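Convert by adding 3 to the 1-based position in the sequence shown; the result is the number in my numbering.
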Amino acid sequence: AFCPYHIGHFSIVGLGFEEYVQASHFEGLITTIVGYVLLAVTLIVCHGLAALVKFQRSRRLLGVCYIVVKVSLLVVVEIGVFPLICGWWLDICSLEMFDATLKDRELSFQSAPGTTMFLHWLVGMVYVFYFASFILLLREVLRPGVLWFLRNLNDPDFNPVQEMIHLPIYRHLRRFILSVIVFGSIVLLMLWLPIRIIKYLLPNFLPYNVMLYSDAPVSELSLELLLLQVVLPALLEQGHTRQWLKGLVRAWTVTAGYLLDLHSYLLGDQEENENNANQQPNNQHARNNNAIPVVGEGLHAAHQAILQQGGPVGFQPYRRPLKFPLRIFLLIVFMCITLLIASLICLTLPVFAGRWLMSFWTGTAKIHELYTAACGLYVCWLTIRAVTVLVAWMPQGRRVIFQKVKEWSLMIMKTLIVAILLAGVVPLLLGLLFELVIVAPLRVPLDQTPLFYPWQDWALGVLHAKIIAAITLMGPQWWLKTVIEQVYANGIRNIDLHFIIRKLAAPVISVLLLSLCVPYIIASGVVPLLGVTAEMQNLVQRRIYPFLLMVVVLMGILSFQVRQFKRLYEHIKNDKYLVGQRLVNYERKSGKPGTSTAPPQSSQE
Numbered sequence: 004a005f006c007p008y009h010i011g012h013f014s015i016v017g018l019g020f021e022e023y024v025q026a027s028h029f030e031g032l033i034t035t036i037v038g039y040v041l042l043a044v045t046l047i048v049c050h051g052l053a054a055l056v057k058f059q060r061s062r063r064l065l066g067v068c069y070i071v072v073k074v075s076l077l078v079v080v081e082i083g084v085f086p087l088i089c090g091w092w093l094d095i096c097s098l099e100m101f102d103a104t105l106k107d108r109e110l111s112f113q114s115a116p117g118t119t120m121f122l123h124w125l126v127g128m129v130y131v132f133y134f135a136s137f138i139l140l141l142r143e144v145l146r147p148g149v150l151w152f153l154r155n156l157n158d159p160d161f162n163p164v165q166e167m168i169h170l171p172i173y174r175h176l177r178r179f180i181l182s183v184i185v186f187g188s189i190v191l192l193m194l195w196l197p198i199r200i201i202k203y204l205l206p207n208f209l210p211y212n213v214m215l216y217s218d219a220p221v222s223e224l225s226l227e228l229l230l231l232q233v234v235l236p237a238l239l240e241q242g243h244t245r246q247w248l249k250g251l252v253r254a255w256t257v258t259a260g261y262l263l264d265l266h267s268y269l270l271g272d273q274e275e276n277e278n279n280a281n282q283q284p285n286n287q288h289a290r291n292n293n294a295i296p297v298v299g300e301g302l303h304a305a306h307q308a309i310l311q312q313g314g315p316v317g318f319q320p321y322r323r324p325l326k327f328p329l330r331i332f333l334l335i336v337f338m339c340i341t342l343l344i345a346s347l348i349c350l351t352l353p354v355f356a357g358r359w360l361m362s363f364w365t366g367t368a369k370i371h372e373l374y375t376a377a378c379g380l381y382v383c384w385l386t387i388r389a390v391t392v393l394v395a396w397m398p399q400g401r402r403v404i405f406q407k408v409k410e411w412s413l414m415i416m417k418t419l420i421v422a423i424l425l426a427g428v429v430p431l432l433l434g435l436l437f438e439l440v441i442v443a444p445l446r447v448p449l450d451q452t453p454l455f456y457p458w459q460d461w462a463l464g465v466l467h468a469k470i471i472a473a474i475t476l477m478g479p480q481w482w483l484k485t486v487i488e489q490v491y492a493n494g495i496r497n498i499d500l501h502f503i504i505r506k507l508a509a510p511v512i513s514v515l516l517l518s519l520c521v522p523y524i525i526a527s528g529v530v531p532l533l534g535v536t537a538e539m540q541n542l543v544q545r546r547i548y549p550f551l552l553m554v555v556v557l558m559g560i561l562s563f564q565v566r567q568f569k570r571l572y573e574h575i576k577n578d579k580y581l582v583g584q585r586l587v588n589y590e591r592k593s594g595k596p597g598t599s600t601a602p603p604q605s606s607q608e
């Protein structure tokens, strides 16, 4: 950092660009990158001079140094600059959706440049990540060789660092410009153009309400935690969403293939392969690189299946129809129209459903569109899931459907009871305890009365409960970890209501209620009987919860230290006096069948 920064600083001052660099609010970073670029140019020149004068060792050393600088700069460009460009382009194309202007973005950048750049980089990185995930899904559907112009990230032979080393700079620059064009065009197609169409067809639908604070009686923090802890994990953790998307892509591909006579090009000759599957099982297995290996194929086959799960690597021949370029052009146009319609549906349907559902709860008050969109998306997902389940049950008959509905109704009732206890009562008590122990003593002076908001305490308790559960699962083995693991292993379909209430809910709720009630009884019932002043009573009422927390922590530390000293004592005693250990077999005495003694595992001498 030191040498490149000063090299870049001297170069920028010498060229007179100091004012422009200071105006960017990132003087140190830009100066250091300029220094690295100058170092790379210097190393190239020195490498060429060493080659002319035939200094082989110096040439090799300069080449290695240049490769290190080159790879570092390319990593910065691909991981830092490219997502940043995508994030800013997404923001610029979506300004009308939020009723914002470039002047607003300029003011926000000047007020908080670091936060603004990080948020845009984060949005761009998420966009790039999901684009790459969609490409991997396409490789599972399309014929190997259709996406020849895109790198397969699941290819075991793909090595990005090796490509950075071997390919020249102009190849990387050309690829970077092409990626910017492709990603930027997709943003125009799926964001800017749908927004213009929505504003023309539905003038009152936009802009989205993204104000920082809502005038609704519901806390922004609570809704945000509900979104992050309940809605989005349920959508992202379900494997059905990916299967639905893959099924839609396959259906679209089959439809486009038959309409444009490109079925062989897009999907390959699958019908012929299926017809000849019985006669040629080995060839079918060789063509299908996505097949899951059976048990007998060994670890190597499983490893290859994992590596190639994003799509088969290679090329399959296809039948080339007449006027092939025109058909490819029509395929691209059809794809653009489909993406445009899908984007219109995704931008309008969840938000419309969420606004309609939220209106029953909050009335005419405006809600942040992130929450309405999440609510609408969750409802749409539940509706589609229910329809797919009913379609799967229809061929089984009316009796089976009633039996399934009865089983699911019972399971839903059990889940609701468990959710009320574990997602309602426990987070509320935990959040209230955290408020009394940590927040109120730090935030409210002794001469003021703290106010408690049960809704916000519950929302914070949800977060605390998830953190405590995660720490418990990562910690040592004890009764709470065993119970939580058993509940996770049973799942929702095999939910054991009696076990959860008896082993998990009742002990946890009892401990939380004792932690809340015992200090209150002591402060409000016992202390006034001692005849202390009102100020002392107030002090005890306000400080007894953190005092008891300190006592519990000290007792835990002392018990831990006592156990450690006992282990140390046993270790020192064994090192000094233990001669050896001998394993003794347990043999039941024939003369005393009624007596039973514990089997000695080892004897010490």
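The beta-carbon is built from N, C-alpha and C at its ideal position, and this holds for glycine as well.
In this text the structure is predicted, and so the values were computed from the model without any measurement.
Cβ neighbour criterion (16 or more within 10 Å) applied to I36: In the sequence shown, the residue the question calls residue 36 occupies position 33. With 16 or more other Cβ atoms within 10 Å, it is buried.
Alpha-carbon to alpha-carbon, F455 and L481: What you label residue 481 is simply residue 478 of the sequence shown in a count that begins at 1. What you label residue 455 is simply residue 452 of the sequence shown in a count that begins at 1. For the record, residue 481 in the displayed sequence is Trp; it is not Leu. One alpha carbon belongs to W481, the other to F455, and they sit about 33 Å apart.
Distance between beta carbons of P7 and G38, contact taken as under 8 Å: In the sequence shown, the residue the question calls residue 38 occupies position 35. In the sequence shown, the residue the question calls residue 7 occupies position 4. Contact flag correct, Cβ pair sits at about 3 Å.
Pairwise C-alpha distance: I487 and L192: Along the sequence shown, one-based indexing puts residue 192 at 189. Along the sequence shown, one-based indexing puts residue 487 at 484. The alpha-carbon of L192 is positioned some 47 Å away from that of I487.
Under 8 Å between C-beta atoms of M414 and I504: As a working note, residue 414 is residue 411 in the sequence shown. As a working note, residue 504 is residue 501 in the sequence shown. It is not a contact, given that the beta carbons lie outside the stated cut-off.
Beta-carbon spacing of L46, I10 below 8 Å: On the sequence shown, position 43 is the one that residue 46 refers to. On the sequence shown, position 7 is the one that residue 10 refers to. No.
Simplified DSSP state of Q584, which is helix, strand or coil: Translated into the one-based positions of the sequence shown, residue 584 becomes position 581. In the structure shown, Q584 sits in a strand (DSSP, three-state: E or B).
Contact check, V144 vs V74, beta carbons under 8 Å: Indexing the sequence shown from 1 puts residue 144 at position 141. Indexing the sequence shown from 1 puts residue 74 at position 71. Contact flag unset, no.
Spatial distance of P522 from L516 (CA atoms): As a working mapping, residue 522 is identified with position 519 in the sequence shown. As a working mapping, residue 516 is identified with position 513 in the sequence shown. Linking P522 to L516 through their CA atoms gives a straight-line distance of about 10 Å.
Beta carbon proximity, E573 to chain D, threshold 8 Å: No chain D is part of this structure, which consists of one protein chain only.
Secondary structure, alpha helix (DSSP H): runs of 4+ residues fully inside the stretch 111 to 152: Every alpha helix (DSSP H) stretch that sits fully inside the stretch 111 to 152 and reaches 4 residues is listed by chain position as 116 to 144.
Which listed residue (K484, S518, I172, M100) has its alpha carbon closest to that of V554: To locate residue 554, count along the sequence shown from 1; it is residue 551. Ranking the options by Cα distance to V554, first place goes to S518.
Among L334, I344, Y381, the one whose alpha carbon lies nearest that of G357: Within the sequence shown, residue 357 is the residue found at index 354, counting from 1. Ranking the options by Cα distance to G357, first place goes to Y381.
Alpha carbon of V78 to alpha carbon of E22, nearest angstrom: Translated into positions along the sequence shown, residue 78 becomes position 75. Translated into positions along the sequence shown, residue 22 becomes position 19. Their Cα atoms are separated by approximately 27 Å.
Residues near G17 in its chain [Cβ-Cβ closer than 7 Å; skip 5 each side]: Residue 17 sits at position 14 when you count from the first residue of the sequence shown. Close CB contacts of G17 within its chain, under the 7 Å cut and outside five residues either way in sequence, are absent.
Own chain residues within Cβ distance below 8 Å of P444, not counting five before or after: Position 441 of the sequence shown holds residue 444. Closer than 8 Å at Cβ, skipping near neighbours: R545, R546, Y548, P549.
Segment contact, 8 Å Cβ cut-off, at least three pairs: the stretch 251 to 258 with the stretch 138 to 152: Short answer: they touch.
Coil, strand or helix - K202 by DSSP: The residue given as residue 202 occupies position 199 in the sequence shown. If DSSP states are grouped into helix, strand and coil, K202 belongs with the helices.
Best match in L32, T244, P324 for proximity to F137 [C-alpha to C-alpha]: Counting from one through the sequence shown, the residue named residue 137 turns up at place 134. Taking only the C-alpha atoms, the option nearest F137 is T244.
DSSP-derived helix/strand/coil call for G434: By one-based count along the sequence shown, residue 434 stands at place 431. Here G434 sits in helix by DSSP.
N279, buried or exposed, once every other Cβ within 10 Å from all chains shown has been counted against 16: Locating residue 279 in the sequence shown gives position 276, where the first residue counts as 1. With a pLDDT of 47 at N279, under the threshold of 50, the modelled position of that residue is not reliable, and no figure is offered here.
Neighbourhood of W124 by C-beta, 8 Å cutoff - its chain only, sequence neighbours within 5 removed: Locating residue 124 in the sequence shown gives position 121, counting from the first residue. These residues qualify, in order along the chain: G83, P86, L87, G90.
Supposed close pair R322, S267 - CB separation, criterion 8 Å: Counting from 1 along the sequence shown, the entry for residue 322 is found at position 319. Counting from 1 along the sequence shown, the entry for residue 267 is found at position 264. Confirmed, Cβ separation roughly 4 Å.
Spatial distance of V514 from P398 (CA atoms): Reading the sequence shown from its first residue, position 511 is the one you call residue 514. Reading the sequence shown from its first residue, position 395 is the one you call residue 398. Their Cα atoms are separated by approximately 50 Å.
Cβ shell of V428 (< 7 Å), same chain only, five flanking positions each side left out: Walking along the sequence shown from the start, residue 428 turns up at place 425. These residues qualify, in order along the chain: I512.
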